[in-house]
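Structure, as structure tokens:
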Amino acid sequence: MSVRKEFDLGLEQLHQWIVEMGSFVENALSESMTALGEVDLERANRVIEKDPQLNAMEERIMELGARLIATQQPVAKDLRRILSSFRIASDLERMGDLSVDIAKTVLRLEGQPLIKPLIDLPRMAEIIGQMTYESIQAFVQENVDLAYKMAKDDDQVDALYSQITRELMLLMMENPRNIAQASLLSFVGRYIERFGDHATNIGESVVYLVTGNRPDLNQ
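In terms of the UniProt record's numbering, the sequence shown opens at residue 1 and continues consecutively.
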């Protein structure tokens, strides 16, 4: 096998593992939000228990990328492709951690009925799930337009988060007994909002991969 062929196979493997991480994160977010809506402790615990798998995915991407750099000494776009894989894997790992944070919130709600129907939080999560998928597609396709779309979608998430925060503050003022749970739900909103920041970071990595310049999409 030629050196270039071996390198290309390594890059293809990195792509595949990034896609696998993206799918894992999408599922973790979906499961954690379902657990929240149903206050399903068993489902929440499954999200938490699976998190080491995501950490292992990130580690193998880092190891393969480091090996490709050491043995192939890539330059220009080939090097950017590996460096972008590192950044994207790191963002996906943090997104997985945020799904775990949501799941841990569910455990703290044990035995409590929800103080309000969850409408905007699931809507935020729905947008984030799509952002996660599209950010990975942008990477695979090297699609700069799709990468820039992350900033626009993140603005929607931020607006929903502001709305949720206001509603929860009102619930706290109406009834002090709502304060504890409203605070927990506010944290969930913050976790989802941070999820969007990481998806936007992935968009930035895609633009860097294609152009060599990293924009700031988290403005």
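Heads up, the beta-carbon is just placed ideally off N, CA and C, and yes, glycines get one too. Predicted model, so just to flag it, every value in this text is computed and none were measured.
Task: Pick from Phe-187, Arg-177 and Gln-141 that is closest to Val-206, judged by C-alpha positions - done: Locating residue 206 in the sequence shown gives position 206, counting from the first residue. When the alpha-carbon of Val-206 is set against those of Phe-187, Arg-177 and Gln-141, the nearest one is in Gln-141.
Open item on the list: In the DSSP assignment, the alpha helix (DSSP H) including Asn-27 goes from what residue to what residue?
Closed with: Counting from one through the sequence shown, the residue named residue 27 turns up at place 27. 3 to 38 is the extent of the alpha helix (DSSP H) around Asn-27.
Open item on the list: At the level of alpha carbons, what is the spacing between Arg-4 and Ser-186?
Closed with: Position 4 of the sequence shown, counted from the start, is the residue given in the question as residue 4. Position 186 of the sequence shown, counted from the start, is the residue given in the question as residue 186. So the two alpha carbons sit approximately 50 angstroms from each other.
TODO: Tell whether a beta-carbon distance below 8 angstroms holds between Gly-96 and Val-157.
DONE: Along the sequence shown, one-based indexing puts residue 96 at 96. Along the sequence shown, one-based indexing puts residue 157 at 157. Between Gly-96 and Val-157, the gap from beta carbon to beta carbon reaches 8 angstroms or more.
TODO: Out of Phe-139, Glu-167, Leu-217 and Gln-73, state which residue places its alpha-carbon closest to the alpha-carbon of His-15.
DONE: Here residue 15 is taken as the residue at index 15 of the sequence shown, counted from 1. It is Phe-139 whose Cα lies nearest to the Cα of His-15.
TODO: State the Cα-Cα distance for the pair Ile-69 and Arg-166, rounded to the nearest angstrom.
DONE: In the sequence shown, residue 69 corresponds to position 69, counting from 1. In the sequence shown, residue 166 corresponds to position 166, counting from 1. Ile-69 and Arg-166 have their alpha carbons spaced roughly 49 angstroms apart.
Open item on the list: Using only CA atoms, which one of Ala-151, Arg-43 and Leu-54 lies nearest to Ser-23?
Closed with: The residue you call residue 23 lines up with position 23 of the sequence shown. Nearest C-alpha to Ser-23: Leu-54.
Open item on the list: Nearest by alpha-carbon distance to Ile-119: which of Leu-41, Val-188 and Asp-8 is it?
Closed with: Counting from one through the sequence shown, the residue named residue 119 turns up at place 119. For the residues Leu-41, Val-188 and Asp-8, the minimum Cα distance to Ile-119 belongs to Val-188.
Open item on the list: Quick check: the Cα distance between Gly-196 and Asp-216, rounded to an integer number of angstroms?
Closed with: Here residue 196 corresponds to residue number 196 of the sequence shown, with the count starting at 1. Here residue 216 corresponds to residue number 216 of the sequence shown, with the count starting at 1. Linking Gly-196 to Asp-216 through their CA atoms gives a straight-line distance of about 14 angstroms.
Task: C-beta atoms of Ala-89 and Met-124 nearer than 8 angstroms - done: In the sequence shown, counting from the first residue as 1, residue 89 sits at position 89. In the sequence shown, counting from the first residue as 1, residue 124 sits at position 124. Not in contact: Ala-89 and Met-124 (Cβ atoms no closer than 8 angstroms).
TODO: Within 10 angstroms of the Cβ of Asn-201, are there 16 or more other Cβ atoms? Answer buried if so, exposed if not.
DONE: On the sequence shown, residue 201 is found 201 positions in, with the first residue counted as 1. By the neighbour-count rule (16 or more Cβ atoms within 10 Å), Asn-201 is buried.
Open item on the list: Given this structure, state the Cα-to-Cα distance separating Ala-147 from Tyr-191, to the nearest angstrom.
Closed with: Stepping through the sequence shown from its first residue, residue 147 is reached at position 147. Stepping through the sequence shown from its first residue, residue 191 is reached at position 191. The alpha-carbon atoms of Ala-147 and Tyr-191 are separated by roughly 21 angstroms.
TODO: Note down, one range per segment and in chain order, each alpha helix (DSSP H) of at least 4 residues found wholly within the segment 166 to 215.
DONE: Listed in chain order, the alpha helix (DSSP H) elements of length 4 or more contained wholly in the segment 166 to 215 are 179 to 211.
Open item on the list: Would Leu-209 and Ser-84 be called neighbours here (beta carbons separated by less than 8 angstroms)?
Closed with: Along the sequence shown, one-based indexing puts residue 209 at 209. Along the sequence shown, one-based indexing puts residue 84 at 84. Result yes, Cβ atoms of Leu-209 and Ser-84 sit closer than 8 angstroms.
- [ ] Using three-state DSSP, classify Gly-96 as helix, strand or coil.
- [x] The count along the sequence shown starts at 1 and reaches residue 96 at position 96. If DSSP states are grouped into helix, strand and coil, Gly-96 belongs with the helices.
Open item on the list: Helix, strand or coil for Pro-52? Go by DSSP, reduced to three states.
Closed with: Stepping through the sequence shown from its first residue, residue 52 is reached at position 52. The answer is helix: DSSP assigns Pro-52 an H, G or I state.
- [ ] Can you say whether Glu-93 is buried or exposed, counting buried as having 16 or more other CB atoms within 10 angstroms of its CB?
- [x] As a working mapping, residue 93 is identified with position 93 in the sequence shown. By the neighbour-count rule (16 or more Cβ atoms within 10 Å), Glu-93 is buried.
Open item on the list: Tell me the residue span of the alpha helix (DSSP H) that contains Gln-141.
Closed with: Locating residue 141 in the sequence shown gives position 141, counting from the first residue. Per DSSP, Gln-141 belongs to the alpha helix (DSSP H) from 120 to 141.
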